[in-house]
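What follows is a short report on a single structure.
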Amino acid sequence: MKSYIVGNWKMNFTVGEASVYLHKLMQKLRTMREIEVIVAPSFVALQPLSLQLDRKKLRLAAQAGNPHDFGAYTGEVSYTQLRGIVDYGIVGHSERRQLFHETDKDIRAAVAAALRNQIAPILCIGETETEHTFGETKSVLRDQLIGGLSEVSTEDLEKILIAYEPVWAISTTTGTHLAAPDEVSEVIQYLRRTLRETYGEVAAKIPLLYGGSVNPSNAGAYLTIPDVNGLLVGGASLVAEKFISIIDTAKKVKD
Ligand code: 13P
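Those letters in the sequence shown? Residues 751 to 1005, per my numbering, in order.
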């Protein structure tokens, strides 16, 4: 399976800054068959960046999307409108769940909408600090995973990526601390097992990504966890040198 390195830029960069940054990334990146590099700029930058993009080196993702195709949803952007502009869509990021009250039902609908518009969903799941403390990690993740995928057909399951992001390990969350690779490993094994028990053989084809304060110094430790197929990077993806260093690490781990 390929490795996926995804940079979630969140609400950062003006369109001009995003364009300059993309140019810099494309100059430094080589075409790599075994690593898929993806960046998720904000909505306003997606269209201009899609025209500037060398798809052999890098792909675009949306950070969110509205599951309705069109209609009276002021301020929203649908997957139908994103079709042809992005190849991937981040769905159910913890900031969307917490700050914008997206529910598992919304997320399920977004996964379906992305798929019907030829956009591969990167479904984010993760437990909060409280859930973690109370030992609820596995049951929360199971609900988010099975809840998010419940309307996906067997053939579409192969198009999905899952990102495990413990909310307490995300750099912008207060009281953050790093997730130990051993702990991530246990969760990743649990997710792979749950997918296998629920969906059978196709589970082996679903990339499992880790995210939460990933930086150049810890990327190798997360990428060498068995069954981790990539990283979802926030803060460190905003600095070209750091993001490229993480991509280089992924390449070394693959080689
Ligand atoms: P950080 O890498 O800044 O912790 O963000 C992780 C994240 O939320 C990526 O989606």
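Glycine is no exception: its CB is placed at the ideal position from the N, C-alpha and C atoms.
Three-way DSSP call (helix, strand, coil) for residue i in this model
i              : result
valine 952     : helix
serine 987     : helix
isoleucine 755 : strand
proline 966    : coil
serine 900     : coil
proline 931    : helix
serine 828     : strand
isoleucine 857 : helix
isoleucine 875 : strand
glycine 842    : coil
proline 980    : A small correction: the amino acid at residue 980 is glycine; proline does not occupy that position in the sequence shown. Note: glycine 980 maps to strand in three-state DSSP.
isoleucine 869 : coil
isoleucine 997 : helix
isoleucine 910 : coil
glycine 961    : strand
Candidates the options, of which the one nearest residue i by Cα
i              : options                        : result
alanine 814    : Ile975, Leu849, Met782         : Leu849
leucine 958    : Pro966, Lys807, Arg946, Lys760 : Arg946
lysine 806     : Asp837, Lys909, Gly825, Ile938 : Asp837
glycine 962    : Ala986, Glu767, Asp977, Gly950 : Ala986
valine 770     : Leu799, Pro871, Val756         : Leu799
leucine 895    : Asn965, Arg943, Leu988         : Arg943
isoleucine 872 : Lys1004, Ile755, Lys1002       : Ile755
serine 844     : Trp918, Ile956, Glu991         : Trp918
threonine 887  : Lys855, Glu852, Val934, Ala860 : Val934
isoleucine 920 : Gln802, Ala811, Ile875         : Ile875
aspartate 932  : Tyr960, Ile910, Trp759, Leu907 : Tyr960
glutamine 797  : Asn816, Gly825, Gly766, Met782 : Gly766
lysine 909     : Ala969, Glu852, Gly839         : Gly839
threonine 764  : Leu779, Arg780, Ala795, Met751 : Ala795
lysine 1002    : Leu775, Thr781, Ile785, Gly757 : Ile785
leucine 891    : Val937, Leu928, Asp856         : Val937
asparagine 758 : Met751, Ala768, Lys752         : Ala768
Within-8 Å CB hit, residue i to chain D
i             : result
aspartate 906 : You won't find chain D in this structure, because it holds only one protein chain.
Quiz item: Contact between the region 825 to 838 and the region 867 to 887: three or more CB pairs below 8 Å?
Solution: Between the region 825 to 838 and the region 867 to 887 there are three or more inter-stretch CB-CB distances shorter than 8 Å, so the stretches are counted as touching.
Quiz prompt | Continuous alpha helix (DSSP H) assignments of at least 4 residues falling wholly in the region 779 to 822 | solution = With a minimum length of 4 residues, the continuous alpha helix (DSSP H) runs that stay inside the region 779 to 822 are 793 to 802.
Quiz prompt | Stretch pair the region 783 to 793 + the region 818 to 825: three plus CB contacts closer than 8 Å | solution = Because the criterion of three Cβ pairs below 8 Å is not met, the region 783 to 793 and the region 818 to 825 do not touch.
Quiz item: Is the region 879 to 886 close to the region 900 to 914, with three or more CB pairs under 8 Å?
Solution: Contact fails: fewer than three Cβ-Cβ distances are below 8 Å.
Quiz item: So, do the region 962 to 976 and the region 994 to 1005 have three or more beta carbon pairs nearer to each other than 8 Å?
Solution: These segments touch.
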